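Engineer: As you go down the protein sequences, you meet chains R and X in turn. So for the first sequence, my numbering puts the first residue at 57; every next one is plus one. So for the second sequence, my numbering puts the first residue at 57; every next one is plus one. From the three backbone atoms N, C-alpha and C, an ideal C-beta is built for every residue, glycine too. For clarity, every value in this text was computed on a predicted model and none was experimentally measured. I have a structure I would like to understand better, so I am pasting it below and will then ask my questions one at a time.
Number of protein chains: 2
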Amino acid sequence: MNIGEAAKASGVSAKMIRYYESVGLIRAADRKQSNYRDFAERDVNELRFLRRARTLGFSVEEIAKLLELWRDRARPSREVKAIALRHVTNLDARIAEMQAMADTLRHLAHACAGDHRPDCPILGDLGR
Amino acid sequence: MNIGEAAKASGVSAKMIRYYESVGLIRAADRKQSNYRDFAERDVNELRFLRRARTLGFSVEEIAKLLELWRDRARPSREVKAIALRHVTNLDARIAEMQAMADTLRHLAHACAGDHRPDCPILGDLGR
DNA sequence: ATGCAGCTTCCCAGCATGGGAAGGTCAAGA
DNA sequence: TCTTGACCTTCCCATGCTGGGAAGCTGCAT
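Next up, the structure:
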């Protein structure tokens, strides 16, 4: 399977497949005589795993560990769970930060007339 | 005022001050004969504005517009409000995304024993 | 055989930030 | 006065993830 087909089948762009390979996230694919990469079904499965993990917000580094565990039939589920929960903690922290930003801005915007006049609590706050 | 003092006074690192100057976010500071940058109180005020806007999550590009409006005494508050609300919409979207990620993961992690055994709904989902 | 689609590598760009090297400047203390 | 150390200057590099594009090779269909 060429990289284009693997990309279509997995939902990961060819550009990204090459990148993941270059940083060692996935095994380097086999090569045909033409030097074209040759993907097997197993590779496509890993790429799909990868894509799904990305949509859940895992970093490339975390995915490296998850993939390793995935490949290891004797993994302890404890390790997988730990990575997932650490990521959840991380997400929650970032959500709280952004929530605070949004709330502050909503509040300031609410107090701003939003017309032709220059007076503006938003700028007032920023320049306090 | 040297860049170090301006950094301390504004809470923006010297590195970042140089960067903001290089991308045209702030006016290029005056130079002394030594070629050292020379900051005035007004510059420090802009840097503080900048820092506050960054903590509210505005992009450098948005801040460029906000700074422009801040400097313009005849600005219509409408424009400021529009930028702020657009940013809030943006934040809300990202929060919702991350919330969905966190919820999915919490759910999967809850179903995962997290012990020495290899069975794991988290990996199951990722590799579905 | 010719052309086009698809592959290869390599470089560049962005966001915002920090690290560090090589070299110039300033102020304080011996 | 000279040295020293803190601070400044520019320049390049790296991060994490993604896309754009150039130059050149391969493979298939007409």
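1. Let me make sure I understand the geometry here. Which of Gly80/R, Tyr92/R, Val79/R has the alpha-carbon closest to that of Ala62/R?
2. So, is Asp128/X buried or exposed, given that buried needs 16 or more other C-beta atoms within 10 angstroms?
3. Counting contacts by CB-CB distance shorter than 7 Å, is Lys137/R in contact with chain X?
4. Taking C-alpha atoms, which residue in Ala156/R, Leu112/R, Met154/R, Phe95/R lies nearest to Ala158/X?
5. In this structure, how does DSSP classify Arg184/X when only helix, strand and coil are distinguished?
6. When DSSP builds the beta bridges, which residues end up paired with Asp94/R?
7. Looking only at its chain, what residues have a beta carbon closer than 6 Å to the beta carbon of Met57/R, apart from the 5 residues adjacent to it on each side?
8. List the residues of chain R that Gly116/X touches, going by C-beta distances under 8 Å, in chain order.
9. Taking the alpha-carbon positions, what's the Ala156/X to Cys176/X distance?
10. Under 7 Å, do Ala65/X and Val116/X count as touching if we go by C-beta distance?
11. In the DSSP assignment, find the alpha helix (DSSP H) that holds Ser78/X and state where it starts and stops.
12. Where does the unbroken alpha helix (DSSP H) through Ala169/R begin, and where does it stop?
13. Here's the rule I'm using: 16 or more other beta-carbon atoms within 10 Å means buried, otherwise exposed. How should Glu102/R be labelled?
14. Of all the residues that make up the stretch 70-89 of chain R, which are near chain X by a beta-carbon distance shorter than 7 Å?
15. Expressed to the nearest angstrom, what Euclidean distance is found between the alpha-carbon atoms of Ala169/R and Arg134/X?
16. Going by alpha carbons, who is nearest to Thr145/X out of Glu124/R, Arg131/R, Arg162/R?
17. Have a look at Ile59/X, Val68/X, Arg142/X and flag the residue whose alpha-carbon is nearest the alpha-carbon of Lys88/X.
18. Do you know whose CA, among Ala85/R, Ser69/R, Asp181/R, Pro174/R, lies nearest Arg110/R's CA?
19. Assuming the contact rule is C-beta atoms closer than 8 Å, Tyr76/X and Leu106/X should be a hit. Round their C-beta distance to whole Å, please.
20. Go ahead and label Arg131/X buried or exposed: buried means 16 or more other beta carbons lie within 10 angstroms of its beta carbon, across all protein chains shown.
21. If Leu179/R sits next to Leu125/X, beta carbons under 8 Å apart, how far is it from one beta carbon to the other, in whole angstroms?
22. In or out: His143/R buried (at least 16 other Cβ within 10 Å) or exposed?
23. Since Gly170/X meets chain R, which of its residues come closer than 7 Å, beta carbon to beta carbon?
Structural biologist: Result, derived from the coordinates:
1. Counted from its first residue, the first sequence places residue 62/R at position 6. If we check each option's Cα against that of Ala62/R, Tyr92/R comes out closest.
2. On the second sequence, position 72 is the one that residue 128/X refers to. The residue in question, Asp128/X, is exposed, as its Cβ has fewer than 16 Cβ neighbours within 10 Å.
3. Translated into the one-based positions of the first sequence, residue 137/R becomes position 81. Chain X contact via Cβ: present.
4. The count along the second sequence starts at 1 and reaches residue 158/X at position 102. Among Ala156/R, Leu112/R, Met154/R, Phe95/R, the Cα nearest to that of Ala158/X belongs to Leu112/R.
5. To locate residue 184/X, count along the second sequence from 1; it is residue 128. Correct three-state label for Arg184/X: coil.
6. Here residue 94/R corresponds to residue number 38 of the first sequence, with the count starting at 1. DSSP output for Asp94/R lists Asp86/R as bridge partner(s).
7. Indexing the first sequence from 1 puts residue 57/R at position 1. Cβ within range, chain order: Phe95.
8. Here residue 116/X refers to the residue found at position 60 of the second sequence. It should be noted that the sequence gives Val, not Gly, for residue 116/X. The premise fails here: Val116/X is roughly 14 Å from chain R at the closest Cβ pair, so nothing lies under 8 Å.
9. On the second sequence, position 100 is the one that residue 156/X refers to. On the second sequence, position 120 is the one that residue 176/X refers to. Rounded to the nearest angstrom, the two C-alpha atoms are 20 Å apart.
10. As a first step, residue 65/X is located in the second sequence; it is residue number 9 there, counting from the start. As a first step, residue 116/X is located in the second sequence; it is residue number 60 there, counting from the start. Contact flag unset, no.
11. Counted from its first residue, the second sequence places residue 78/X at position 22. Run containing Ser78/X: 70-78, per the alpha helix (DSSP H) assignment.
12. Counting from 1 along the first sequence, the entry for residue 169/R is found at position 113. No alpha helix (DSSP H) contains Ala169/R, which DSSP labels as neither H nor E.
13. For the purposes of this step, residue 102/R is taken as residue 46 along the first sequence, with counting starting at 1. Under this definition Glu102/R is a buried residue.
14. none
15. Position 113 of the first sequence, counted from the start, is the residue given in the question as residue 169/R. Position 78 of the second sequence, counted from the start, is the residue given in the question as residue 134/X. Straight-line Cα distance between these residues: approximately 7 Å.
16. For the purposes of this step, residue 145/X is taken as residue 89 along the second sequence, with counting starting at 1. That would be Arg162/R, whose Cα lies nearest to the Cα of Thr145/X.
17. Residue numbering aside, residue 88/X sits at position 32 when the second sequence is read from its first letter. Here the closest residue by C-alpha is Ile59/X.
18. Here the question's residue 110/R lines up with position 54 in the first sequence. Of the listed residues, the one whose Cα sits closest to Arg110/R is Ser69/R.
19. Position 20 of the second sequence, counted from the first residue, corresponds to residue 76/X. Position 50 of the second sequence, counted from the first residue, corresponds to residue 106/X. Indeed they touch by this definition, with Cβ atoms about 7 Å apart.
20. Reading the second sequence from its first residue, position 75 is the one you call residue 131/X. So Arg131/X ends up on the buried side.
21. On the first sequence, residue 179/R is found 123 positions in, with the first residue counted as 1. On the second sequence, residue 125/X is found 69 positions in, with the first residue counted as 1. Right, the Cβ-Cβ distance comes to about 7 Å (below 8 Å), so this counts as a contact.
22. To locate residue 143/R, count along the first sequence from 1; it is residue 87. Classification for His143/R: buried.
23. Translated into positions along the second sequence, residue 170/X becomes position 114. Result: Ser133, Arg134, Lys137.
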